[in-house]
Structure formats: C-alpha cells, structure tokens
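Chemist:
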Amino acid sequence: MHPICFHIGAKAIYWYGVLGAVAFLAASAHWSLLAQWKGWPPSRGSDLAIWLVLGGLLGARLNYVVANLRYYLNNPSEILRIDHGGLIFYGGVAGGAIMVLILSRRWRVPILELADFTLTGLPLAHAIGRIGCFLNGCCYGTPTSLPWACLLYTSPSPRD
Numbered sequence: 006m007h008p009i010c011f012h013i014g015a016k017a018i019y020w021y022g023v024l025g026a027v028a029f030l031a032a033s034a035h036w037s038l039l040a041q042w043k044g045w046p047p048s049r050g051s052d053l054a055i056w057l058v059l060g061g062l063l064g065a066r067l068n069y070v071v072a073n074l075r076y077y078l079n080n081p082s083e084i085l086r087i088d089h090g091g092l093i094f095y096g097g098v099a100g101g102a103i104m105v106l107i108l109s110r111r112w113r114v115p116i117l118e119l120a121d122f123t124l125t126g127l128p129l130a131h132a133i134g135r136i137g138c139f140l141n142g143c144c145y146g147t148p149t150s151l152p153w154a155c156l157l158y159t160s161p162s163p164r165d
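In structure tokens form, the structure reads like this:
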C-alpha cells in the first residue's frame, strides 16, 4: 500500500487522515440535509458530526490505552499522541453511542429518534474511512493469488 497522500514541506499527509476528513464532511453534509428534511435546524447535522467525532476519538483512544495500560503507565506522555497510532474501532463506537445519549438529553430528542437519525450517515462515513485504512496498509486481509486480489503497491514515494 501507499499510505502517504502528499507532503507539505517535510510533513507527510496520510490518506487515512485525508479520507477521515472526507468521511466527516460527507456524514456532516448528509446529516445537515436530513435535519432540514426533518424540520430541525440545519446546524444540527454539523453539530452532530463534531460531537460524534469527539466522542468516537475519545472512546477509541481510551479503549486503546486501557488495552495497552502497562505501556501507557510507563509512558504517560504518549497517551494523547494519536499521531503515533492507537485507536480501537469498537471503543469509537462506544464513545459515539455515549455521545448520542448525551446529545439526546441535551437536545431533548428521544434517544431512538436521534439514534435512527445518526445511523443513516455512519455507513457512508465508515466506508470512506475504510478506504483510508486500506490505503494505509492495514485491514486488507490475508495474501491470496485469486484473480480479484488487490496488488500491493510497495514502491516508496520520493520522500520516503
């Protein structure tokens, strides 16, 4: 795989982050349009996206830190360094679900109505994010010689 999208000076910008941002924007746009259709303020969609990203990142990182607690007890300065990797998907789902519960109470929207609203944009965002994960070189499965297999591009970029 080729995880680097481009460079800004010496700083590499990774496909995973680029497509994560695209996923955020796609879900935010979807929820904003859906909010208008439901008669809610259009800002409700972008507000939801921001809070879900926050809850998801906190949950994903917390889950990773707990799973690797011994390392982080010895290296506490690394706990917030998500640029070094370390997010667990189901921790992100749990963090996002907790955030939906909090927003449901804050916005005075029944929990099932907000959960139903939220779930409409998640497959879109998740699919875009998985493309970034694939380009990053993880989550691609086991090697195969089947004709529909993906060829791994291993040539380094000019700055690697």
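Taking our numbering, the leading residue of the sequence shown gets 6, the next gets one more, and so forth. C-beta atoms are modelled at their ideal positions from N, C-alpha and C, and glycine is treated no differently. Since the model is a prediction, treat every value here as computed from it, not as a measurement.
1. Am I right that Ala65 and Gly90 are in contact with their C-beta atoms under 8 Å? What's the rounded C-beta distance?
2. Quick one: what's His12 bridged to in DSSP?
3. Is the CB-CB distance between Leu140 and His35 below 9 Å?
4. Any idea if Asn108 is buried or exposed, counting beta-carbon neighbours within 10 angstroms, 16 or more meaning buried?
5. Are Val27 and Gly60 close, meaning C-beta to C-beta below 9 Å?
6. Please report how far the alpha carbon of Pro128 lies from the alpha carbon of Arg86, in whole angstroms.
7. Given that a residue counts as buried once 16 or more other Cβ atoms are within 10 Å of its Cβ, and exposed if not, what is Gly134?
Modeler: Here's the rundown:
1. Separation of the CB atoms of Ala65 and Gly90 is rounded to 11 Å, and the pair is thereby denied contact status at 8 Å.
2. Per DSSP, Ala17.
3. It is not a contact, given that the beta carbons lie outside the stated cut-off.
4. With the sequence shown as reference, residue 108 is identified as Leu, and Asn is not the correct amino acid for it. Leu108 should be labelled buried.
5. In this structure, Gly60 does not lie closer than 9 Å to Val27 by Cβ.
6. Straight-line Cα distance between these residues: approximately 27 Å.
7. With 16 or more Cβ atoms within 10 Å of its Cβ, Gly134 is classed as buried.
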